[in-house]
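Enquirer: Structure below; questions to follow.
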């Protein structure tokens, strides 16, 4: 048995650089060549199926583009996934619920992506069981194992690379029932109920609540500061950090982008908490809300970690289905957040749509038709996700 086979079959974990070298992929390969200047890793840069799958998976949507994932690579077809505890959002996501939804988004994107090169993904969620908040990063989210099988490429695969979050003002065109039915059909949700509101009265009431939620987030010091930390005001900073909210490629438009660029400066607190800039941003946000055709919300029967992860998997398919049907979407999850200042408006929203515990609204989105937006956000180099 050669050394590579011994390490893989024994299950011994070694350093990421050594492991990748044994797989025939030197660690510098992960940041040289086409990936060095590219915004995102490419599966074409790797020959090991697990690295190919991870490279596709990181294209997924995730909260604030934190990319809060890390992986122990066990073999060239197997990895153990953890939350990256250094990339949480404690102010706006105290229980890390949204972060776990983002992990589900990754897993489903990886699963869809692996079908493109002839592998099925077998995903064992929470193999050590659910864990406490202080165990995040030490207990695994999932064990991922790829198996070469005769498989058909998932019909949503190509949309992994074209889907966007579109924060712009939407067109007046309304979504018809046929489009909504296609969204549900293409998504085929397994763990969530996806519900829609689109009457004029519902849209007005829900928009008012979502606006109030955004106002709370913008005017609460610690939540606004957390948002500011993840803003990337220009392409140089975005390319250096390779994470966060890339202002050029999010469809925000000139006025709010100007505001956000002010917030992202090193001395941003003097801008972030000025009423002038808050008012400017909120006015633009309200105009965008009023242009929405519908609100969609994802409801799970319970509110445990596996519900969060599975909801993220459902959302990924919905996100790709939206791209397939030409529907723009934008998260309005501020209204769901679990910190004290948001409690009242969150409960008002839950009561309005008649969702009561143990059920939980996990995601809220506005939908519509919109112009396509240019570009897409950065992702970190693959080496940055691999741990010993």
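In our numbering, the protein residues as written are 4 to 391.
No residue lacks a Cβ here, since even glycine has one placed at the ideal position from N, Cα and C.
Return the first residue and the last residue of the alpha helix (DSSP H) that residue 113 is part of.
Expert: Residues 100–117.
Enquirer: Cα-Cα, which of 382, 359 and 346 is closest to residue 97?
Expert: Answer by Cα proximity: 346.
Enquirer: Where does residue 122 land, buried or exposed, given buried means 16+ other C-beta within 10 angstroms?
Expert: Flag for residue 122 reads buried.
Enquirer: So that I know if they touch, is there some Cβ in chain B lying closer than 8 Å to that of residue 240?
Expert: The structure shown has no chain B; it contains just one protein chain.
Enquirer: Helix, strand or coil for residue 124, going by three-state DSSP, please let me know.
Expert: Here residue 124 sits in strand by DSSP.
Enquirer: By DSSP, does residue 144 sit in helix, in strand, or in coil?
Expert: Of the three classes helix, strand and coil, the one that applies to residue 144 here is coil, per DSSP.
Enquirer: Between residue 67 and residue 248, is the Cβ-Cβ spacing less than 8 Å?
Expert: Result yes, Cβ atoms of residue 67 and residue 248 sit closer than 8 Å.
Enquirer: What does the alpha-carbon distance come out to for the pair residue 353 and residue 364?
Expert: Cα to Cα, residue 353 sits roughly 7 Å from residue 364.
Enquirer: Look at the alpha carbon of residue 414 and the alpha carbon of residue 177, and state the distance between them as a whole number of angstroms.
Expert: For the chain, the structure presents residues 4 to 391; residue 414 sits outside this window and is missing.
Enquirer: Check whether the Cβ atoms of residue 168 and residue 242 sit closer than 8 Å, and answer yes or no.
Expert: It is not a contact, given that the beta carbons lie outside the stated cut-off.
Enquirer: According to DSSP, is residue 73 helix, strand or coil?
Expert: Reduced to three states, the DSSP call for residue 73 is strand.
Enquirer: Please classify residue 48 as buried or exposed, where buried requires at least 16 other C-beta atoms within 10 Å of its C-beta.
Expert: By the neighbour-count rule (16 or more Cβ atoms within 10 Å), residue 48 is buried.
Enquirer: By the DSSP assignment, the alpha helix (DSSP H) with residue 196 in it spans what residues?
Expert: No alpha helix (DSSP H) holds residue 196; the beta strand (DSSP E) holding it covers 196–200.
Enquirer: Would the region 325–336 and the region 154–167 be scored as touching if the rule is three or more Cβ pairs under 8 Å?
Expert: Touching, per the Cβ criterion.
Enquirer: Quick test of the definition: if touching needs 3 or more C-beta pairs under 8 Å, does the region 292–309 touch the region 74–81?
Expert: Short answer: they don't touch.
Enquirer: May I ask you to report which of helix, strand or coil DSSP gives residue 250?
Expert: In the structure shown, residue 250 sits in a helix (DSSP, three-state: H, G or I).
Enquirer: For residue 344 and residue 219, which I take to be in contact (beta-carbon distance under 8 Å), what is that distance rounded to the nearest angstrom?
Expert: 5 Å between Cβ atoms; contact.
Enquirer: Where DSSP assigns a beta bridge to residue 332, which residues make up the other side?
Expert: According to DSSP, which records beta bridges pairwise, residue 332 is partnered with 370.
Enquirer: In whole angstroms, what is the alpha-carbon distance linking residue 129 and residue 193?
Expert: When rounded, the distance between both Cα atoms is 17 Å.
Enquirer: Our contact map puts residue 430 next to residue 72 with C-beta atoms below 8 Å; I'd like the distance itself, whole angstroms only.
Expert: Examination of residue 430 is not possible in this model, given that the chain is present from 4 through 391 alone.
Enquirer: Buried or exposed, going by whether 16 or more other CB atoms sit within 10 Å of the CB of residue 164?
Expert: It is exposed - the Cβ of residue 164 has fewer than 16 other Cβ atoms within 10 Å.
Enquirer: Excluding the 5 residues flanking residue 126 on each side, which residues of the same chain have their C-beta closer than 6 Å to its C-beta?
Expert: 110, 145 and 147.
Enquirer: My output table needs one value for residue 182: the three-state DSSP class, helix, strand or coil.
Expert: Helix at residue 182.
Enquirer: Determine the DSSP secondary structure at residue 301, reduced to helix, strand or coil.
Expert: If DSSP states are grouped into helix, strand and coil, residue 301 belongs with the strands.
Enquirer: Does DSSP put residue 258 in a helix, in a strand, or in coil?
Expert: With a pLDDT of 46 at residue 258, under the threshold of 50, the modelled position of that residue is not reliable, and the figure given next carries that caveat. In the structure shown, residue 258 sits in a helix (DSSP, three-state: H, G or I).
Enquirer: Let me confirm a value: residue 227 is counted as buried when at least 16 other C-beta atoms fall within 10 Å, else exposed. Which label applies?
Expert: Answer is buried; the Cβ neighbour count reaches 16.
Enquirer: When you compare each of 278, 302, 319 and 53 to residue 151 by their alpha carbons, which one comes out closest?
Expert: That would be 53, whose Cα lies nearest to the Cα of residue 151.
Enquirer: Taking the straight line between their C-alpha atoms, what separation do you get for residue 88 and residue 139?
Expert: Approximately 6 Å between the Cα atoms of the pair.
Enquirer: On the criterion of 16 or more Cβ atoms from any shown chain inside 10 Å, does residue 101 qualify as buried, or is it exposed?
Expert: That one is buried.
Enquirer: If distances are taken between C-alpha atoms only, which option among 69, 316, 120 and 207 comes closest to residue 195?
Expert: Checked all of 69, 316, 120 and 207; the closest Cα to residue 195 is 316.
Enquirer: Would you tell me roughly how many angstroms separate the C-alpha atoms of residue 185 and residue 231, rounded to the nearest one?
Expert: So the alpha carbons of these two residues sit roughly 37 Å apart.
Enquirer: Based on Cα-Cα distance, which residue from 282, 50 and 188 lies nearest to residue 120?
Expert: Taking only the C-alpha atoms, the option nearest residue 120 is 50.
Enquirer: For the alpha helix (DSSP H) that residue 240 lies in, which residues bound it at each end?
Expert: Here the alpha helix (DSSP H) through residue 240 covers 238–244.
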